[in-house]
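Asker: Read in full-length UniProt numbering, the sequence shown has 235 at position 235, and its numbers run on one by one without any break. Every residue, glycine too, gets a C-beta built ideally from N, C-alpha and C. Just so we're clear, the structure is a prediction, and the values are computed from it rather than from any experiment.
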Amino acid sequence: MGGQETFFARLGRAVTTQRLVLLTILLASGIAVAAGAHVWAAAAGAALCVLVVLVANFPPHAIAPPEPAPVPEEPVDPVIAIDAAMTAVPAALDQPLFLLGNDGSVLFQNRAAERLLGIVPRGAHLTARLRSPGILDMVRETMATGEPNQIEHAERLPSDTVYVVRIAPLPAGEGTARYVLSFRDISELRRIDRMRSDFVANASHELRTPLASMRGFIETLQGPARDDAKARERFLAIMLDQATRMSRLVDDLLSLSRLEVKSHIAPDSIVDLVPLIGKVRDQLGPLASELGVEIVIEAPPGKVEVTGDPDELVQVFENLMENACKYGQDGETVDVKISCDAGRPVEVSIRDHGPGIPAEHVPRLTERFYRVNVEASRSRKGTGLGLAIVKHILTRHRARLIVRSREGEGSEFTVRF
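(1) Report yes if the C-beta distance between G384 and D352 is below 8 Å; otherwise report no.
(2) Quick check on Q109: buried or exposed, where buried means 16 or more other Cβ atoms within 10 Å of its Cβ?
(3) Please classify L130: does DSSP put it in a helix, a strand, or coil?
(4) Run through the stretch 273-340 for me and flag every whole beta strand (DSSP E) of 3 or more residues, listed as ranges in chain order.
(5) Give the secondary structure of H361 by DSSP, where H, G and I count as helix, E and B as strand, and everything else as coil.
(6) At the 8 Å Cβ level, is D185 part of the contact set with chain B, yes or no?
(7) Compute the distance between the beta-carbons of I338 and P300, then report whether it is under 8 Å.
(8) What first and last residue would you give for the beta strand (DSSP E) that runs through F183?
(9) Under the three-state reduction of DSSP, which class applies to I192: helix, strand or coil?
(10) Just reading off the beta strand (DSSP E) that H153 is part of, what are its end residues?
(11) Tell me whether the stretch 182-189 and the stretch 94-103 touch, counting them as touching only if at least three CB pairs, one residue from each stretch, are closer than 8 Å.
(12) Could you tell me which of A177, L100, R398, F317 sits nearest to P267, measuring between CA atoms?
(13) Write down the C-beta distance between L365 and V403 rounded to the nearest angstrom, noting that I regard them as a contact closer than 8 Å.
(14) Could you tell me if I119 is buried or exposed, where buried requires 16 or more neighbouring beta carbons within 10 angstroms of its beta carbon?
(15) Between the Cα of C325 and the Cα atoms of C340, G308, G292, E347, which residue gives the shortest distance?
(16) In the DSSP assignment, find the alpha helix (DSSP H) that holds R111 and state where it starts and stops.
(17) Can T209 and Y179 be called in contact, C-beta distance under 8 Å?
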């Protein structure tokens with residue numbers, strides 16, 4: 001009935017709207033009959049005209065039945081909606097995250113958490129995978145007090161790793177308490193802090209030793225040796241040597257600082273290594289002669305070009321060749337080989353025939369102030385920063401330093417571009 005009432009209502013509105021037109025049609029039909037037209041023909045023409053007018057003002061869709069009333073949507077469980085919202089973003093994060101129930105059961109873990117502790121079955125208690133007393137105590141305390149908490153947690157295996165472990169409650173209704181347990185890896189920050197403190201301690205020690213020596217000699221010259229010309233000459237020579245040592249140390253520290261500032265900017269000059277290494281050999285000639293060492297260069301014919309900074313590359317090969325002369329002087333020769341075989345990277349190898357380096361020291365050679373033998377290094381006027389500078393320069397040049405050494409057979413340092 002609702003559809004018919006709508007139809008007649010709309011029909012009435014159409015008749016009302018077009019009543020003048022309809023009256024005109026009826027009047028025209030009456031005139032046609034009066035003029036002698038057949039009654040039935042006049043009636044049929046009038047009916048056709050009326051039908052055309054009504055259809056033009058009463059489109060077919062007007063007689064369509066009304067749309068059914070919308071079906072009310074099923075109410076959404078707020079717990080399901082909250083879970084979906086809470087797990088969508090954490091699932092994509094690279095920081096390990098766990099969603100815990102109010103009894104310590106694991107309701108959700110993201111992929112980073114799976115990599116950290118393995119897959120924990122949904123609903124299993126956190127202690128199924130995590131045994132750290134400190135973390136478990138922290139979790140229990142937060143569940144009891146409702147206050148966020150965090151601690152530092154260190155793992156020794158498979159490598160030294162330090163995490164900041166934090167737990168915080170999520171806003172929820174009574175009886176549906178949930179907690180987020182997160183692990184943030186701060187191992188790199190701790191390593192940098194340790195390096196910084198070691199660096200400051202080593203630099204302070206390296207400067208303190210020559211300063212103490214110079215101060216002692218100055219006090220001696222001002223006192224007992226004031227009028228001793230022979231002692232004064234000897235002490236001044238030692239003081240000059242100590243001042244030179246401090247100057248080298250400061251220069252190396254400044255070099256490291258400059259290299260760190262521009263480490264992300266790759267050089268763009270083209271350098272021919274053959275004349276550059278020949279220049280370094282000539283500069284080290286007096287030192288090599290003094291130590292009784294001969295530097296022998298083996299290079300291919302023609303140019304061997306790489307992209308780099310010529311001054312910095314001179315510093316690299318000067319450090320490596322000087323070390324080879326100082327620490328491998330027992331072998332009497334230092335062999336420098338430049339290779340640029342087709343399809344292979346350019347390499348420069350510096351090999352000495354000295355006593356070699358014990359295997360346990362090789363991985364740490366490029367650390368600042370690291371020395372295999374402290375006294376031997378200082379006696380050869382080393383600062384402990386040479387190989388650290390080499391490493392930083394090669395990093396800026398997108399090159400590598402490869403160290404091969406065996407006790408009793410010498411050492412080989414290879415720069416691979």
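Answerer: By the coordinates alone:
(1) no
(2) buried
(3) coil
(4) 294-298, 305-307, 333-339
(5) helix
(6) The structure shown contains no chain B; it is built from a single protein chain.
(7) yes
(8) 178-185
(9) helix
(10) 149-155
(11) yes
(12) R398
(13) 6 Å
(14) exposed
(15) G292
(16) 111-117
(17) no
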